[in-house]
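Chemist: One structure, pasted below without further comment.
2 protein chains.
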Amino acid sequence: MSNLSPRRSKRPGRGGAEPTPAPPPITPGMVGGQYQPLTGSEMERIHQLVLRLLEDLGLSQVTPSLEQRAIAAGCRVDEDGRLRFPRALVEDVIARTRRRFTLHGLDPVHDLEIGGRRVHAGTGGAAPTIMDFETGRYRESTVADLYDIARLVDRLDNIHWYHRSVVARDTDTILDLDINTTYACLSGTTKSIAVSYTDGNSVRAVQPMLDMVAGGEGRFRERPFCTAVCCHVVPPMRFATESCDALEAAVLAGMPILLVAAGQAGATAPAALAGAVAQACAEVLAGLILCNIIDPNCRGIFAAWPFVSDLRTGAMSGGSGEQALLSAACAQMAGFYDLPNSVPAGMTDSKLPDAQAGGEKGYTISLAAHAGATMIHECAGMQGSLMGTAFESYVLDNDLLGAVLRTVKGVEVSEDALSFEAIRDVVMGAGHFLGHPQTFARMKTDYLYPEIADRRSISEWQDAGATDAREVARGRVRQLLADHYPRHISDSVDARLRERYNIVLPKARMRAGNGIW
Amino acid sequence: MSNLSPRRSKRPGRGGAEPTPAPPPITPGMVGGQYQPLTGSEMERIHQLVLRLLEDLGLSQVTPSLEQRAIAAGCRVDEDGRLRFPRALVEDVIARTRRRFTLHGLDPVHDLEIGGRRVHAGTGGAAPTIMDFETGRYRESTVADLYDIARLVDRLDNIHWYHRSVVARDTDTILDLDINTTYACLSGTTKSIAVSYTDGNSVRAVQPMLDMVAGGEGRFRERPFCTAVCCHVVPPMRFATESCDALEAAVLAGMPILLVAAGQAGATAPAALAGAVAQACAEVLAGLILCNIIDPNCRGIFAAWPFVSDLRTGAMSGGSGEQALLSAACAQMAGFYDLPNSVPAGMTDSKLPDAQAGGEKGYTISLAAHAGATMIHECAGMQGSLMGTAFESYVLDNDLLGAVLRTVKGVEVSEDALSFEAIRDVVMGAGHFLGHPQTFARMKTDYLYPEIADRRSISEWQDAGATDAREVARGRVRQLLADHYPRHISDSVDARLRERYNIVLPKARMRAGNGIW
Numbered sequence: 001m002s003n004l005s006p007r008r009s010k011r012p013g014r015g016g017a018e019p020t021p022a023p024p025p026i027t028p029g030m031v032g033g034q035y036q037p038l039t040g041s042e043m044e045r046i047h048q049l050v051l052r053l054l055e056d057l058g059l060s061q062v063t064p065s066l067e068q069r070a071i072a073a074g075c076r077v078d079e080d081g082r083l084r085f086p087r088a089l090v091e092d093v094i095a096r097t098r099r100r101f102t103l104h105g106l107d108p109v110h111d112l113e114i115g116g117r118r119v120h121a122g123t124g125g126a127a128p129t130i131m132d133f134e135t136g137r138y139r140e141s142t143v144a145d146l147y148d149i150a151r152l153v154d155r156l157d158n159i160h161w162y163h164r165s166v167v168a169r170d171t172d173t174i175l176d177l178d179i180n181t182t183y184a185c186l187s188g189t190t191k192s193i194a195v196s197y198t199d200g201n202s203v204r205a206v207q208p209m210l211d212m213v214a215g216g217e218g219r220f221r222e223r224p225f226c227t228a229v230c231c232h233v234v235p236p237m238r239f240a241t242e243s244c245d246a247l248e249a250a251v252l253a254g255m256p257i258l259l260v261a262a263g264q265a266g267a268t269a270p271a272a273l274a275g276a277v278a279q280a281c282a283e284v285l286a287g288l289i290l291c292n293i294i295d296p297n298c299r300g301i302f303a304a305w306p307f308v309s310d311l312r313t314g315a316m317s318g319g320s321g322e323q324a325l326l327s328a329a330c331a332q333m334a335g336f337y338d339l340p341n342s343v344p345a346g347m348t349d350s351k352l353p354d355a356q357a358g359g360e361k362g363y364t365i366s367l368a369a370h371a372g373a374t375m376i377h378e379c380a381g382m383q384g385s386l387m388g389t390a391f392e393s394y395v396l397d398n399d400l401l402g403a404v405l406r407t408v409k410g411v412e413v414s415e416d417a418l419s420f421e422a423i424r425d426v427v428m429g430a431g432h433f434l435g436h437p438q439t440f441a442r443m444k445t446d447y448l449y450p451e452i453a454d455r456r457s458i459s460e461w462q463d464a465g466a467t468d469a470r471e472v473a474r475g476r477v478r479q480l481l482a483d484h485y486p487r488h489i490s491d492s493v494d495a496r497l498r499e500r501y502n503i504v505l506p507k508a509r510m511r512a513g514n515g516i517w
Numbered sequence: 001m002s003n004l005s006p007r008r009s010k011r012p013g014r015g016g017a018e019p020t021p022a023p024p025p026i027t028p029g030m031v032g033g034q035y036q037p038l039t040g041s042e043m044e045r046i047h048q049l050v051l052r053l054l055e056d057l058g059l060s061q062v063t064p065s066l067e068q069r070a071i072a073a074g075c076r077v078d079e080d081g082r083l084r085f086p087r088a089l090v091e092d093v094i095a096r097t098r099r100r101f102t103l104h105g106l107d108p109v110h111d112l113e114i115g116g117r118r119v120h121a122g123t124g125g126a127a128p129t130i131m132d133f134e135t136g137r138y139r140e141s142t143v144a145d146l147y148d149i150a151r152l153v154d155r156l157d158n159i160h161w162y163h164r165s166v167v168a169r170d171t172d173t174i175l176d177l178d179i180n181t182t183y184a185c186l187s188g189t190t191k192s193i194a195v196s197y198t199d200g201n202s203v204r205a206v207q208p209m210l211d212m213v214a215g216g217e218g219r220f221r222e223r224p225f226c227t228a229v230c231c232h233v234v235p236p237m238r239f240a241t242e243s244c245d246a247l248e249a250a251v252l253a254g255m256p257i258l259l260v261a262a263g264q265a266g267a268t269a270p271a272a273l274a275g276a277v278a279q280a281c282a283e284v285l286a287g288l289i290l291c292n293i294i295d296p297n298c299r300g301i302f303a304a305w306p307f308v309s310d311l312r313t314g315a316m317s318g319g320s321g322e323q324a325l326l327s328a329a330c331a332q333m334a335g336f337y338d339l340p341n342s343v344p345a346g347m348t349d350s351k352l353p354d355a356q357a358g359g360e361k362g363y364t365i366s367l368a369a370h371a372g373a374t375m376i377h378e379c380a381g382m383q384g385s386l387m388g389t390a391f392e393s394y395v396l397d398n399d400l401l402g403a404v405l406r407t408v409k410g411v412e413v414s415e416d417a418l419s420f421e422a423i424r425d426v427v428m429g430a431g432h433f434l435g436h437p438q439t440f441a442r443m444k445t446d447y448l449y450p451e452i453a454d455r456r457s458i459s460e461w462q463d464a465g466a467t468d469a470r471e472v473a474r475g476r477v478r479q480l481l482a483d484h485y486p487r488h489i490s491d492s493v494d495a496r497l498r499e500r501y502n503i504v505l506p507k508a509r510m511r512a513g514n515g516i517w
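Line by line, the protein sequences are chains Z and X. The first sequence runs contiguously to residue 517 in the UniProt record's numbering. The second sequence runs contiguously to residue 517 in the UniProt record's numbering.
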């Protein structure tokens, strides 16, 4: 865990000997919540339904181990074998569960303080395909793709973590998939990572890897930088057996747990949006209660992720206005519970990084952010309603996220910002603000400059070849992936990992000049 | 004014003999305001600065006619010749100005009720260039472009009005420009139109045209379907003489007035966003006070439109996060005053309808809408920071606006929408919501289906040719422009218009089969 990037000096309060730099226009964890799609009484009404669903309907198919723990904690199993959660237990767990924690990066510079409507953004997903960078056609994604995306994300400031966004299709077994996914993510970035583990066995299998990278046995637990993504339910209102097994193992291993309930409105959740929100909240709380029963100090992340169906076809529509509402409403419900949380946004239905993709990402991400989501997942790189990803999109979405986060920063209203003196100076004097000292002072603190977005005049742009954003992003991808091979895992640790595990990614692939990029 | 489109039957409460249709998922004028970037005390603080700017600094260069009226109403002219507005007068005008009015379409089906955080969206702007549909290169825009864009807008449901978005460069005089702009807009759509008139002379020159189209002398005033866009100030804090002259004539003609103050933060307004908001609000109120002095029953629209400079170059950046904040904050200030209002959004810096354009439009428009802007201008068709427009963009933006408006509609929280019974039915029964009666019932009322956005699977899309959104939009443009030649102005009225005015657009250009599209 060396190789601390030049980014470090950009963060406030982390500077070295140099004079205190001006605060940057955006930082991870700025406070959202200024968009409130639901009223207070509407949230209360949804909450009452959540309690009713957990108490009167419950969830089926809990694992024997968790059933035993749950009964000991006050749950009951009904005549249909459904685990019911008394409303007092639900309220108690909501009241006492952990509200704030650090989501650790491999490098502490990437630590994130999760909770309290502090907004962060990053990847997520389980796309089975990727748009081939050379041919432009979708193909099965691989371990090498996972690693390359990790390296991209490592250099994109507005993507705050790397939760695996594609499923590697080139491993022989499920266990190898989980192991190689963990390895590829860890090797490509020092940001916080996440993997969806198939079962408890997978979780236990990677624990030595996490410890070795952390510096020795038991060290991972001190700074858990790998989150377990647990889709612990199969909506509606049924536990997913293997994932519950993974959940239990992950909590015991001290991993943060992303508790995902991803019903699809009109298919596995009600078509009525309020019902889909309530069902997802109930399903997530069921998982959170189990986590808390296992370990009251667990790091659970409330991830109510209801998706949308296009009701003409039944297909998922991640880019719809309805999706933007579902995610914003779930962020608000999580805020109502004051729980560290996640919602999905940026899941365009478009297969290309085009105008449709940009628009759908623009409104879904901005509404999720302003609703105060503490973690916005899937908001970089995804295409085709989560079924694909594209390298260019990470770079493009990083720009978009910057602008959205700038809006979360908000408008400073202070005596200086109100500018009466500046206006009077200019009106009675030079007639122009460009040369005014206030303008210089605000230039770096109040204004964010994008990397990809083209702000040139029409004629300059036309004379320079009239490229579109995707083409510019492609250039940036090539440059980053040719240059940036993180070296935070030492050769000796890597050699021990390769000895212990069946690592698919060739060592030679992890060096500049490998001929790939 | 015949040719009432099939759209009519889609509007609620306007159906004929057929059974009451299900309410559509979106309608013009849904209520926004759930995004509040400023706190109550921040708005109060900005308001206090607005009053101070008007009272202590005032505006220079008012016209003699308006100066006389203003002094009679209680203003004073200071030793520097600046018109000062006593704070009591400002507060009085804010209190008594018209808060709600109908913005008429040529066809009443397009009438809009303006005021009270009811959100509407439409075109605007003064782009001097357009991307040529065949060559893809920007060229000077023409009267024919104005007409063609009008025809497009006429068929795009989520663009609620057609305020001229390009400047025709093919007229000989300024007067001919204003006359031909009015004619091209009126001829191409039955939605409400707007034109920026150069001076009072222009306004008076088009009045007979407006009356003739409305059905006779004095008829326009009964249903004023043409708004005058008045950039009545040259920021900072100076009146624009000719536009003030146009303003006076337009108010006297009974036209709605869009009172635009378009300072550019860092150039003609403070770089600090709060100051830019306050200055714009003060400048707009100065115009609104003048309108109210001329006619207390005027239809003024509060259009505080501060723009953003990229402070590295001084160039405008319409697509920035800072712009999204400025527009949202101005919408909120207008809501604080409870005035019919407008903000700009969707002004991408990109020259193409690409991922950058989509993203920038996505977040700027959604935040303006949720801040409760009653009119969002420039939100369809604009490219290159308002310096260009593109036919495809109108079609693409119509789709985007639909989705954003769907989010403004919000989440219905009712006993049926909460869905306890539906969830119980499915959990204890079929296990799936697709066949549930609630799903069928919600399919048309809760879900909006886009025209352009591609929701197919990756393989279906790839097999069908892997087109991007722009290509799909191009097909739709071609189809609409080849087919749709509105006929609401009769041949006899048109002949009289051509007799009286120097109309540039050939009659033959205004018929299907003209070989252009």
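For glycine and all other residues, C-beta sits at the position ideal for the given N, C-alpha and C. Just so it is clear, the structure is predicted and the values come from calculations on it, not from any experiment.
#1: Can you tell me which of Z:L386, Z:A328 and Z:V260 puts its alpha carbon nearest to the alpha carbon of Y35 of chain Z?
#2: With DSSP as the reference, label Q61 of chain Z as helix, strand or coil.
#3: Interface residues of chain Z around V404 of chain X at Cβ under 8 angstroms?
#4: Pull up the distance between the alpha-carbon of C185 of chain X and that of A144 of chain X, whole angstroms please.
#5: Is V153 of chain X closer than 8 angstroms to Y147 of chain X when the C-beta atoms are compared?
#6: Does any residue of chain X have a CB that is nearer than 8 angstroms to the CB of I46 of chain Z?
#7: Is the CB of G384 of chain X under 8 angstroms away from at least one CB in chain Z?
#8: Just to make sure I have the definition right: I need the residues of chain X whose C-beta is within less than 9 angstroms of the C-beta of P208 of chain Z. Which are they?
#9: At a Cβ threshold of 8 angstroms, is M443 of chain Z touching chain X?
#10: List the residues of chain X that M347 of chain Z touches, going by C-beta distances under 9 angstroms, in chain order.
#11: In whole angstroms, what is the alpha-carbon distance linking T313 of chain Z and S490 of chain X?
#12: Cutting at 7 angstroms between CB atoms, please list the residues of its own chain near D310 of chain Z, excluding the five before and the five after it.
#13: Measuring only between beta-carbons, confirm whether S419 of chain X sits less than 8 angstroms from chain Z.
#14: Under 7 angstroms Cβ to Cβ from K10 of chain Z, same chain only, skipping five residues before and after it: list those, please.
#15: For a contact defined as C-beta to C-beta under 9 angstroms, what are the partners of A324 of chain Z on chain X?
#16: Using a cut-off of 9 angstroms between C-beta atoms, extract the partners of Q279 of chain Z located in chain X.
#17: Alpha carbons only, please: which of Z:G465, Z:G359 and Z:V343 is nearest the one belonging to S350 of chain Z?
#18: Evaluate the contact criterion for the segment 193–208 of chain X versus the segment 168–184 of chain X: three or more CB pairs, one atom per stretch, below 8 angstroms.
#19: Is the CB of P296 of chain Z under 8 angstroms away from at least one CB in chain X?
#20: In terms of alpha-carbon separation, which member of X:V493, X:R424 and X:A482 lies closest to residue 520 of chain X?
#21: Beta-carbon separation of V62 of chain X and A373 of chain X under 8 angstroms?
#22: Is the separation between the beta-carbon of residue 523 of chain X and that of V77 of chain X shorter than 8 angstroms?
#23: Kindly confirm or deny that the segment 408–423 of chain X and the segment 468–481 of chain X touch, where touching means at least three C-beta pairs closer than 8 angstroms.
#24: Suppose only complete runs of 3+ residues qualify. What are the beta strand (DSSP E) ranges in the segment 335–410 of chain Z, listed by chain order?
#25: In its own chain, which residues sit with a C-beta less than 8 angstroms from the C-beta of F433 of chain X, not counting the 5 before and 5 after it?
#26: Where are the beta strand (DSSP E) runs, 3 residues long or more, that stay fully inside the segment 97–142 of chain X, in chain order?
#27: Please report the residue range of the alpha helix (DSSP H) in which V213 of chain Z lies.
#28: Which ranges would you report for the beta strand (DSSP E) in the segment 235–290 of chain X if only whole runs of at least 3 residues count?
#29: Could you give the DSSP three-state label for L83 of chain Z: helix, strand or coil?
#30: For a contact defined as C-beta to C-beta under 7 angstroms, what are the partners of G29 of chain X on chain Z?
#31: Quick check: what's the CA-CA separation for T445 of chain Z versus N341 of chain X?
#32: Does any C-beta atom of chain X lie closer than 8 angstroms to the C-beta of L54 of chain Z?
#33: Listing by chain order, which chain X residues have their CB less than 7 angstroms from the CB of D145 of chain Z?
#34: Find the nearest neighbour of G287 of chain X within the set X:S41, X:S60, X:T27 and X:M43, judged by alpha-carbon distance.
Modeler: Let's see:
#1: Nearest to Y35 of chain Z by C-alpha distance, out of Z:L386, Z:A328 and Z:V260, is Z:A328.
#2: Of the three classes helix, strand and coil, the one that applies to Q61 of chain Z here is coil, per DSSP.
#3: Ordered by position in chain Z, the residues that pass the 8 angstroms Cβ test against V404 of chain X are G321 and Y363.
#4: Their backbone Cα atoms lie some 10 angstroms apart in a straight line.
#5: Taking 8 angstroms as the Cβ cut-off, Y147 of chain X and V153 of chain X do not qualify as a contacting pair.
#6: Contacts with chain X at 8 angstroms (Cβ-Cβ) include I46 of chain Z.
#7: Closer than 8 angstroms to some Cβ of chain Z, the Cβ of G384 of chain X qualifies, so yes.
#8: Under the 9 angstroms cutoff, chain X gives no residues; its nearest Cβ is about 37 angstroms from P208 of chain Z.
#9: Closer than 8 angstroms to some Cβ of chain X, the Cβ of M443 of chain Z qualifies, so yes.
#10: Per Cβ cutoff of 9 angstroms: no residues; M347 of chain Z is ~12 angstroms from chain X at best.
#11: In a straight line, the C-alpha of T313 of chain Z is about 44 angstroms away from that of S490 of chain X.
#12: So the qualifying residues of the chain are S317.
#13: Interface criterion met: the Cβ of S419 of chain X is under 8 angstroms from a Cβ in chain Z.
#14: Below a pLDDT of 50, predicted positions are generally treated as unreliable, and K10 of chain Z, at 42, falls in that range; no measurement from the model is reported.
#15: S366, A403, V404, R406 and T407, listed in chain order.
#16: Going along chain X in sequence order, the residues near Q279 of chain Z (Cβ under 9 angstroms) are S419 and I423.
#17: The shortest C-alpha separation from S350 of chain Z is found at Z:G359.
#18: Cβ pair count under 8 angstroms is three or more, so yes.
#19: In terms of beta-carbon proximity, P296 of chain Z stays away from the interface with chain X, with every pair separated by 8 angstroms or more.
#20: Nothing can be reported for residue 520 of chain X: it is not among the residues displayed for chain X, which extend from 1 to 517.
#21: No.
#22: Nothing can be reported for residue 523 of chain X: it is not among the residues displayed for chain X, which extend from 1 to 517.
#23: Judged by Cβ distances under 8 angstroms, the segment 408–423 of chain X makes no contact with the segment 468–481 of chain X, as fewer than three pairs qualify.
#24: Listed in chain order, the complete beta strand (DSSP E) runs (minimum 3 residues) inside the segment 335–410 of chain Z are 342–344 and 375–377.
#25: Around F433 of chain X: A422, V426 and T439.
#26: Listed in chain order, the complete beta strand (DSSP E) runs (minimum 3 residues) inside the segment 97–142 of chain X are 101–103, 112–114, 129–131 and 138–140.
#27: From DSSP, the alpha helix (DSSP H) with V213 of chain Z extends over G200 to A214.
#28: Runs of the beta strand (DSSP E) inside the segment 235–290 of chain X: 257–261.
#29: Strand at L83 of chain Z.
#30: The premise fails here: G29 of chain X is roughly 17 angstroms from chain Z at the closest Cβ pair, so nothing lies under 7 angstroms.
#31: A direct Cα-to-Cα measurement between T445 of chain Z and N341 of chain X gives close to 30 angstroms.
#32: No, its Cβ sits nowhere closer than 8 angstroms to a Cβ of chain X.
#33: Within 7 angstroms Cβ-Cβ: nothing; D145 of chain Z doesn't reach chain X, min ~15 angstroms.
#34: The candidate whose alpha carbon is nearest that of G287 of chain X is X:S60.
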